[in-house]
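All remarks here apply to the structure that follows.
There are 2 protein chains.
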Amino acid sequence: MTWEAYLDREQPRFIKELVDFVAIPSVSAIPANIPDVVRAADWVAARLTAAGAEHAQVLPTAGHPVVCADWLHAPDAPTVLIYGHFDVQPAEPFDLWTSPPFQPEIREGRLWGRGASDDKGGMLIPILAFEALVKTTGRLPVNVKFFFEGQEEIGSPDLPPFVAANTDLLKADMIFSADGLQWSPDVPMVVEGLKGLVSLEIIVKGPRSDQHSGLHGGGIANPGMALGQILASLKSVDGLVTVAGFYDDVRPLTEADREAIARIPYDEAAYLAETGAPAPFGEPGYTRRERLWARPTLDVNGLTSGWQGAGTKTVLPVEAKAKINCRLVADQSPERVFDLIAAHVAAHAPPGVTAEVTRNPGRADPFLLPSGHNATGLAAQVLTEVYGRAPYRTRLGGSIPVMTTLLEHLGLHAVMFGFSHDDENLHAPNEFFRLDVFRKGQTAYGRLLERLGA
Amino acid sequence: MTWEAYLDREQPRFIKELVDFVAIPSVSAIPANIPDVVRAADWVAARLTAAGAEHAQVLPTAGHPVVCADWLHAPDAPTVLIYGHFDVQPAEPFDLWTSPPFQPEIREGRLWGRGASDDKGGMLIPILAFEALVKTTGRLPVNVKFFFEGQEEIGSPDLPPFVAANTDLLKADMIFSADGLQWSPDVPMVVEGLKGLVSLEIIVKGPRSDQHSGLHGGGIANPGMALGQILASLKSVDGLVTVAGFYDDVRPLTEADREAIARIPYDEAAYLAETGAPAPFGEPGYTRRERLWARPTLDVNGLTSGWQGAGTKTVLPVEAKAKINCRLVADQSPERVFDLIAAHVAAHAPPGVTAEVTRNPGRADPFLLPSGHNATGLAAQVLTEVYGRAPYRTRLGGSIPVMTTLLEHLGLHAVMFGFSHDDENLHAPNEFFRLDVFRKGQTAYGRLLERLGA
Chain A
1 MTWEAYLDRE
11 QPRFIKELVD
21 FVAIPSVSAI
31 PANIPDVVRA
41 ADWVAARLTA
51 AGAEHAQVLP
61 TAGHPVVCAD
71 WLHAPDAPTV
81 LIYGHFDVQP
91 AEPFDLWTSP
101 PFQPEIREGR
111 LWGRGASDDK
121 GGMLIPILAF
131 EALVKTTGRL
141 PVNVKFFFEG
151 QEEIGSPDLP
161 PFVAANTDLL
171 KADMIFSADG
181 LQWSPDVPMV
191 VEGLKGLVSL
201 EIIVKGPRSD
211 QHSGLHGGGI
221 ANPGMALGQI
231 LASLKSVDGL
241 VTVAGFYDDV
251 RPLTEADREA
261 IARIPYDEAA
271 YLAETGAPAP
281 FGEPGYTRRE
291 RLWARPTLDV
301 NGLTSGWQGA
311 GTKTVLPVEA
321 KAKINCRLVA
331 DQSPERVFDL
341 IAAHVAAHAP
351 PGVTAEVTRN
361 PGRADPFLLP
371 SGHNATGLAA
381 QVLTEVYGRA
391 PYRTRLGGSI
401 PVMTTLLEHL
411 GLHAVMFGFS
421 HDDENLHAPN
431 EFFRLDVFRK
441 GQTAYGRLLE
451 RLGA
Chain B
455 MTWEAYLDRE
465 QPRFIKELVD
475 FVAIPSVSAI
485 PANIPDVVRA
495 ADWVAARLTA
505 AGAEHAQVLP
515 TAGHPVVCAD
525 WLHAPDAPTV
535 LIYGHFDVQP
545 AEPFDLWTSP
555 PFQPEIREGR
565 LWGRGASDDK
575 GGMLIPILAF
585 EALVKTTGRL
595 PVNVKFFFEG
605 QEEIGSPDLP
615 PFVAANTDLL
625 KADMIFSADG
635 LQWSPDVPMV
645 VEGLKGLVSL
655 EIIVKGPRSD
665 QHSGLHGGGI
675 ANPGMALGQI
685 LASLKSVDGL
695 VTVAGFYDDV
705 RPLTEADREA
715 IARIPYDEAA
725 YLAETGAPAP
735 FGEPGYTRRE
745 RLWARPTLDV
755 NGLTSGWQGA
765 GTKTVLPVEA
775 KAKINCRLVA
785 DQSPERVFDL
795 IAAHVAAHAP
805 PGVTAEVTRN
815 PGRADPFLLP
825 SGHNATGLAA
835 QVLTEVYGRA
845 PYRTRLGGSI
855 PVMTTLLEHL
865 GLHAVMFGFS
875 HDDENLHAPN
885 EFFRLDVFRK
895 GQTAYGRLLE
905 RLGA
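Shown next as structure tokens:
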């Protein structure tokens, strides 16, 4: 029997197993659910063993456990590490779910339940493909390591020290993440870049306490106005960041990059309708998609000063604060961008106030696959075969800290090879996973493992 | 007996009466104290009758009552209206008072208690001077009307309709306010101007809800940043308001005005130390005192946008708001300044957002005594005699709505002729009134009444 035939034959069982897996409320954000996260880890370890993996073990971190397993019987072949996560987002508000989030239900060819798409369906796919190959051929053409974690949905706070302390256990030649998206059920994509992140706060101080605007207006500087002037000095009204040196380390888009992005269909009106923004906006000289994917940003996240209640309070506020984040692209560094902004604010603070810039939590290095990256090329070939068309080459404006953790400690750019879609209510009520794509993903992972050994 | 001798003889009784008056907790801001405000009104009406005034009556408004009385037996002499208020600020926090706020105590030649200075001591002074003249001479050289209100400390919301409906009752040739300050116990002043006020809010809107700064940063405009840019367009970093037309209606300071202001001693370091402001600041071309007293201002009172809690939330906020007030000088109009700012914001809103400007509560016309104003000249002469030196000609940066109400409905610029000082903890714990100044004020009002009839 071919491994593809095995997948077809076993699909009803696999779907039933996914139902069992999704039924475990492994919500990492809720302390009361920690036993469920551990139960999910145990389930994953047992499932790996059943699939034919060896050394399946649940390992502790400072927080939620991780699960590791391997199959290392392909001498002279490369070793591939497959990543995913078995924890899920909270399911609240429960009353918005059509069927209960932890009583998975199949309707319309989809499995509905919290974590079905993110990432329980996704991380089960490579295990099932692995099983099909091992059970039908008795062997694999490549060495495989599995590495699944239990705190991705809270930002993997304990993962960096775990990875740093276990580089031998995790060491591989390539990494594929089973947590990832495709463009649509019919169109594959390869995500080549993620943005980095730096978060900071600008704090402008004036008088020692709120002052009467009649007694002191015109006499002393106003921190709220000064903050507005500082913000305006950071960015032009047409969207260019005006901090000296901000763009210095940005790797320019090549013509090939721009052509690849331009080939992807894009509906400006639909984008505006989705966000509700009243008009197009952004850095001159780039398409919106180029800006969203490959240009750094500087955004205000919040403003606080003085009187915020109803009506009027005629004060000169004691201080004014702005929370800001920058999304960074290769080869910008969070630390260097922070230093540039701090220096800019020091140079542009208006007279009569003091201005200070502090780092806030939230940091990630930008991530960009090297051009000609071997694992990416393999992934693209497999996706082209399985989908019958070449994948879009895309990037994401967000940050995935685990990708930079793996790069930092294992020296490898992970390739996202996952089969979720952004319409599947990943962090919302009524999350679902497409069962036909569940099956297609298994074929894709099977072919990937075959090709890795070729 | 001269009226001055009468004042000397009766001073112990007058002080005892002030103690009784201050003991009434007539806090207008606290609904539970409304019966006390009414009790204070009754006390005032009885005291006016005892002093020799006629037609003393407690009259209702939509809120707290007012008290009116008169003495109109000087045919062919002018009529003077004397204003003051018998309500007081809340006394909280009680534990910061050395002696209880409504159990007045005399220490160090001062009477300590809530309202002793603002304005019970102040409004009792003209009643006592009136009594001394009537009791010793049997008559007055001038017609007098008394008009005391019970809601000054909450902004006199019901006074404008009362005054509008009672112009015959209140009609006079001059108005003096017994609610007012002197420069120091040794140096008198005449307040020639008050600033007006207009309050507004700028509301900048972008997407229909908070958006992920990774998914949409660079794709749509940021309301927080746009608000900063709008604020920066309103005012230069050196303090000049850059709204077109803002200064058009400002009456320029004359050389005489500037010389009068420059004659008043001023300590820049003490001013900075008082406010805690880190450095001098303000509109170029004017001294700080000129700016505080006679130049219009535009100040941020508060800012609100997006995430204001601890740490980081990487959102593009749905909106950003700034509360703003302008302190206005003659002959600016709150309505015209609002329109100018609204037009400026409409013209300067950056692309990609909408910006709206709304009026907030808080409105006052600027107030400036006409040069050569008769009542002011009389007040200055009396103060010069009583203090042995000419008064400073000053202005205030704040607004006193009742002054503009009296001007609007009675057509008269009231002259502030009061004897409090700004160190007397007027709205703070441990309010006090200087008893020697209480006595000096009685002499000043007696001489004023004499001179008005001359």
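Protein sequences, first through last, are from chains A and B.
The first sequence lines up with residues 1 to 454 when you count with this note's numbering.
The second sequence lines up with residues 455 to 908 when you count with this note's numbering.
Virtual Cβ for every residue (Gly too), placed ideally from N, Cα, C.
Secondary structure of L369 (chain A) (DSSP, three-state): coil. Not one beta carbon of chain B lies nearer than 8 Å to the beta carbon of R251 (chain A). Listed along the chain, the chain B residues whose CB falls inside 8 Å of the CB of Y271 (chain A) are G673. For D168 (chain A), the closest Cβ of chain B is not nearer than 8 Å. About 6 Å separates the CB atoms of I203 (chain A) and E319 (chain A); that is less than 8 Å, so the two are in contact. For P661 (chain B), the closest C-alpha among the options A:W112, A:R139, A:A277 is that of A:A277. Between C522 (chain B) and F630 (chain B) the beta-carbon gap is near 15 Å, outside 8 Å, which marks them as no contact.
F892 (chain B) is positioned such that its CB atom lies no closer than 8 Å to that of G538 (chain B). Listed along chain B, the residues sitting closer than 9 Å to G397 (chain A) by beta-carbon distance are H666, S667, G668, L669, H670, G671, G672, G673. Against chain A, the CB of V691 (chain B) has a partner CB under 8 Å away; the residue lies at that interface. For the pair P519 (chain B) and F700 (chain B), the Cα-to-Cα distance works out to about 39 Å.
Under the Cβ distance rule, N814 (chain B) counts among the residues neighbouring chain A, one pair being separated by less than 8 Å. Between the stretch 363-373 of chain A and the stretch 209-226 of chain A, the count of C-beta pairs closer than 8 Å stays below three; the two stretches do not touch. By the Cβ neighbour-count rule, E885 (chain B) is buried, with 16 or more other Cβ atoms within 10 Å of its own.
Annotation: M870 (chain B) has no Cβ neighbours in chain A at a cutoff of 7 Å; minimum Cβ distance is about 15 Å. Using a Cβ distance threshold of 8 Å, L746 (chain B) and I778 (chain B) do not count as a contacting pair. Per the coordinates, the alpha-carbon of Y387 (chain A) lies some 23 Å from the alpha-carbon of L18 (chain A). Taking a Cβ-Cβ threshold of 9 Å, the residues of chain A close to T808 (chain B) are P278, A279, in chain order. Sequence-distant partners of Q543 (chain B) (beyond 5 residues in either direction) whose C-beta falls short of 6 Å from its own C-beta, in its chain, are E607, H881. A residue is called buried once 16 or more other Cβ atoms fall within 10 Å of its Cβ, and E192 (chain A) is buried on that count.
Taking L369 (chain A) as the centre and dropping the five residues before and after it, the same chain places the C-beta of E192, T376, H413 closer than 6 Å to its C-beta, in chain order. Within 7 Å of the CB of P804 (chain B), the CB atoms of chain A belong to V237, in sequence order along the chain.
Proximity of chain A to A774 (chain B) at the Cβ level (cut-off 8 Å) is accounted for by V300, L303, in chain order. Considering only B:E722, B:E709, B:G671, the residue with the shortest C-alpha distance to G282 (chain A) is B:G671. One thing to note: L688 (chain B) has its Cβ no nearer than 8 Å to the Cβ of P738 (chain B).
Separation of L316 (chain A) and L231 (chain A) (C-alpha to C-alpha, rounded to the nearest whole angstrom) is 19 Å. Bounds of the beta strand (DSSP E) holding L651 (chain B) are 650-659. Taking C-beta separations shorter than 7 Å and ignoring five residues to either side along the sequence, the partners of K589 (chain B) in its chain run Y460, G506, following chain order. For the C-beta of G282 (chain A), the chain B residues within less than 7 Å are, from N- to C-terminus, G672, G673. Three or more Cβ pairs closer than 8 Å define a contact, and the stretch 696-715 of chain B meets that threshold against the stretch 789-800 of chain B. DSSP places F601 (chain B) in the uninterrupted beta strand (DSSP E) bounded by 597-603. Between H73 (chain A) and the set A:V22, A:P141, A:I82, A:V58, the nearest pair of CA atoms involves A:P141. Contact annotation: in the stretch 638-661 of chain B, residues whose CB is within less than 8 Å of a CB in chain A are K649, L651, S653, K659, G660, P661. One finds nothing in chain B with a Cβ atom closer than 9 Å to the Cβ of P157 (chain A); even the nearest lies about 13 Å away. For the C-beta of N425 (chain A), not a single chain B residue is nearer than 8 Å; the gap to the nearest is close to 15 Å. Inside the stretch 303-385 of chain A, DSSP marks whole beta strand (DSSP E) runs of 3 or more residues at positions 319-328, 354-364, from first to last along the chain.
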